[in-house]
Amino acid sequence: FSEAEVTLASTKGFNVITFGDNILRSETAAIYALSVLHHYQKGAHHENL
Numbered sequence: 003f004s005e006a007e008v009t010l011a012s013t014k015g016f017n018v019i020t021f022g023d024n025i026l027r028s029e030t031a032a033i034y035a036l037s038v039l040h041h042y043q044k045g046a047h048h049e050n051l
């Protein structure tokens, strides 16, 4: 996204997140995002034990 698009989204209440400076293909980004969510879900589950 351009800087203007990011700024507009931020002013409309969206939270901006990044994967750092890496640019991922959409297929790879989806797999990465699901892996991160799984990691945090698994970690939260173990903390409650």
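In my numbering, the protein residues as written are 3 to 51. From the three backbone atoms N, C-alpha and C, an ideal C-beta is built for every residue, glycine too. Note that the structure is a prediction, hence the values are computed from the model and not measured.
message: Counting C-beta neighbours from all protein chains within 10 Å, is the total for T9 16 or more, i.e. buried, or is it exposed?
response: exposed
- prompt: In whole angstroms, what is the alpha-carbon distance linking H40 and G15?
  reply: 26 Å
C-alpha distance - I33 paired with L26, whole-angstrom precision: 10 Å
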